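Below: the structure, in structure tokens.
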Amino acid sequence: MFNQMQNMMATPQAREMMFKMIAQQVAQAPPERRQALARVKVTLERTESGMRLDATHSDDPEVEETLRNAIESWTDMLSRIFQSMGFQVEIVD
């Protein structure tokens, strides 16, 4: 089942559909919110056996909350994926 899900999200069409949905939601935000989002820099660093994600802070409280919620959601999702595959997962705060 995991392979099916992974294969489904591996297609460029499925990823594009997800990205379009996100972009549509962002496009509905007020201009000042979109500008605040654009000022946040997110860095993904690939390492030999993993990755690291860093994000700068925003001066907009709602953007900060969006960023916190996104990181929390992705952390939960990634940890559950790895756990379902049988890996031991440790989340370090």
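Counting with numbering that gives the first Met the number 0, you get residues 0 to 92 for the letters of the sequence shown.
For every residue, glycine included, the Cβ atom is placed at its ideal position computed from N, Cα and C.
Since this is a predicted model, take the numbers as computed values, not measurements.
Boundaries (first-last residue) of the beta strand (DSSP E) holding residue i
i	result
Met-50	49 to 54
Whole-angstrom C-beta distance between residue j and residue i, which should lie under 8 angstroms
i	j	result
Val-62	Arg-14	With a Cβ gap of about 24 angstroms, Val-62 and Arg-14 do not count as contacting.
Leu-66	Leu-52	Their Cβ separation, rounded to whole angstroms, is 11 angstroms, which puts Leu-66 and Leu-52 out of contact at 8 angstroms.
Residue i, buried or exposed, once every other Cβ within 10 Å from all chains shown has been counted against 16
i	result
Ala-35	buried
To test your reading of the DSSP string, which unbroken alpha helix (DSSP H) runs of 4 or more residues are found completely within the stretch 18 to 69? 30 to 37
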